[in-house]
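Under the numbering used here, the letters of the sequence shown match residues 96 to 326, in that order. We put the CB at the ideal spot given by N, CA and C, even for glycine. Keep in mind the model is a prediction, meaning the values are calculated, not measured. Here's the structure we're looking at; comments come further down.
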Amino acid sequence: MSEKKIIIAIDGFSSSGKSSMAKQLAKSIGYRYIDSGAMYRAVTLYAMQKGLVSPGVEPDTEAIIKSLPEINIGFEVTDGGQSTILNGSNVEKEIRSMAVSQCVSPIAAIPEVRHALVAMQQAMGSEKGIVMDGRDIGTTVFPDAEMKIYVNASAQTRAQRRLSELIDKGVATTFEEVLANVISRDHIDQTRAESPLRKAHDAIELDNSTMTIEEQNEWLLDTYRNIASQL
Ligand code: DC
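This is the structure:
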């Protein structure tokens, strides 16, 4: 297999299973994994902590833009995988809460927020050997990525997966609430003016609605091997 390090961009809808696949692939091939959605969630958590947004309330866009220089985001490898660090604190659990999920899409639609995070993401990928997942990785962050995957699955399938994850974490919610959140985020992610979610022209599409996690992981590793062998 080629030793040349590449950039792997995995984009798709929320709860499409792309993070689990991306994480597993990075582990299998010894690459760094970056969850770009966690970075948008960390900015959202910071804005919530400062009272600049809350569920059902429009974000204070100007104040959020002004606070961007105060926000420092990093990742730390832990026993349980990877944790997101916001200004020195481990916020991995808080950024996955329903409240953050409800507030994140309008914040991720603010152009200045996107520009700041895209610059950080590009710096993280400057040495390649990285698997990054998100919405605009293959289109905006790394348009020249050697491997691009676009993951899809029905909203119902994704809501069911997200519900199971939340129940495992002890979060009280219902299928209807999760489905409504998934549909609303899909809509905002696809219709925002700045870097909307869309398939890059050269991305390989994967609909994993009827695939097991093992099948997805195998498919992704085979796809990587195939691309790497041609470099
Ligand atoms: O993948 P996720 O559900 O953790 O993403 C959280 C939010 O961040 C989601 O509403 C879409 C947004 N996002 C984005 O706009 N661009 C990315 N590269 C990653 C996530």
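Out of the options, which one is the CA nearest neighbour of residue i?
{"i": "residue 237", "options": "131, 138, 114", "result": "131"}
{"i": "residue 232", "options": "252, 250, 210", "result": "210"}
{"i": "residue 265", "options": "315, 192, 324", "result": "192"}
{"i": "residue 270", "options": "256, 171, 196", "result": "256"}
{"i": "residue 297", "options": "195, 235, 158, 219", "result": "235"}
{"i": "residue 299", "options": "157, 317, 133", "result": "317"}
{"i": "residue 251", "options": "288, 275, 260, 172", "result": "275"}
{"i": "residue 279", "options": "160, 161, 200", "result": "200"}
{"i": "residue 194", "options": "267, 230, 174", "result": "267"}
Would you mind stating whether residue i and residue j have Cβ atoms separated by less than 8 Å?
{"i": "residue 163", "j": "residue 222", "result": "no"}
{"i": "residue 139", "j": "residue 202", "result": "yes"}
{"i": "residue 167", "j": "residue 185", "result": "no"}
{"i": "residue 273", "j": "residue 254", "result": "yes"}
{"i": "residue 224", "j": "residue 100", "result": "yes"}
{"i": "residue 114", "j": "residue 228", "result": "yes"}
{"i": "residue 126", "j": "residue 226", "result": "yes"}
{"i": "residue 117", "j": "residue 179", "result": "no"}
{"i": "residue 112", "j": "residue 277", "result": "no"}
{"i": "residue 312", "j": "residue 119", "result": "yes"}
{"i": "residue 129", "j": "residue 170", "result": "yes"}
{"i": "residue 220", "j": "residue 102", "result": "yes"}
Could you tell me if residue i is buried or exposed, where buried requires 16 or more neighbouring beta carbons within 10 angstroms of its beta carbon?
{"i": "residue 190", "result": "buried"}
{"i": "residue 150", "result": "exposed"}
{"i": "residue 152", "result": "exposed"}
{"i": "residue 157", "result": "exposed"}
{"i": "residue 326", "result": "exposed"}
{"i": "residue 133", "result": "buried"}
{"i": "residue 172", "result": "exposed"}
{"i": "residue 197", "result": "buried"}
{"i": "residue 216", "result": "buried"}
{"i": "residue 187", "result": "buried"}
{"i": "residue 262", "result": "exposed"}
* **Cβ contact check for the segment 135-154 and the segment 233-249: 3 or more pairs under 8 Å** => no
* **Stretch-stretch touch, CB-based, cutoff 8 Å, three pairs: the segment 103-120 with the segment 283-299** => yes
* **Start-end ranges of the alpha helix (DSSP H) lying completely within the segment 139-202, minimum 4 residues** => 156-162
* With a cut-off of 8 Å, do at least 3 Cβ pairs link the segment 300-315 to the segment 278-289? -> no
* To do: Go through the segment 207-285 residue by residue and report every complete run of the beta strand (DSSP E) that reaches 3 residues or more, in order.
  => 225-229, 242-247
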